[in-house]
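Encoded as structure tokens, the structure appears first; notes follow it.
Numbering (the working numbering), first residue to last: 253 to 354.
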């Protein structure tokens with residue numbers, strides 16, 4: 253499984269654009285996108301704007317990015333075959349960027 257983690261901080265429109273640039277990629281393997289943000293309103297906004305079951309929201313408890321990522325990794329430890337890509341809500345990746353990384 254490919255996990256793409258998008259961290260953001262109360263930038264719903266920017267994060268929406270970042271997630272959509274990922275969804276528009278030609279990714280050949282199964283993947284999911286997790287948006288990590290301390291504002292529940294961002295999760296609600298994204299749920300309204302992006303109707304894709306591969307996108308989910310993880311509420312950052314507000315103790316910092318590294319703390320939130322550690323909680324997320326504890327919840328989803330993955331296997332040796334899993335691959336994680338981390339990016340930010342204000343980063344818009346180029347076409348085919350994910351396949352190039354893989």
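By construction, the Cβ of each residue, glycine as well, lies at the ideal position given by its N, Cα and C atoms.
Note that the coordinates shown come from a computational prediction; the quantities given were computed from them, not determined experimentally.
Please indicate yes or no: does the CB of residue i lie closer than 7 Å to some heavy atom of the ligand SAH?
i: residue 322; result: Absence of the ligand SAH is noted for the structure shown, with no ligands found whatsoever.
Could you tell me if residue i is buried or exposed, where buried requires 16 or more neighbouring beta carbons within 10 angstroms of its beta carbon?
i: residue 353; result: exposed
i: residue 360; result: The first residue shown for the chain is 253 and the last is 354, placing residue 360 beyond what the model contains.
i: residue 314; result: exposed
Contact check, residue i vs residue j under 8 Å by CB: the rounded distance?
i: residue 253; j: residue 304; result: Incorrect: roughly 16 Å between the Cβ atoms, too far for contact.
i: residue 405; j: residue 261; result: Any property of residue 405 remains undetermined from this structure, which presents the chain solely from 253 to 354.
What residues in its chain sit with their C-beta under 8 Å from that of residue i, if we drop five residues either side in the sequence?
i: residue 298; result: 264, 267, 268, 271, 287, 307 and 309
i: residue 284; result: 253, 254, 255, 256, 306, 307 and 308
i: residue 302; result: 268, 271, 272 and 275
Sorted by chain position, which residues of the same chain lie with C-beta nearer than 6 Å to residue i's C-beta, five sequence neighbours on each side aside?
i: residue 279; result: 350
i: residue 329; result: none
i: residue 317; result: 259
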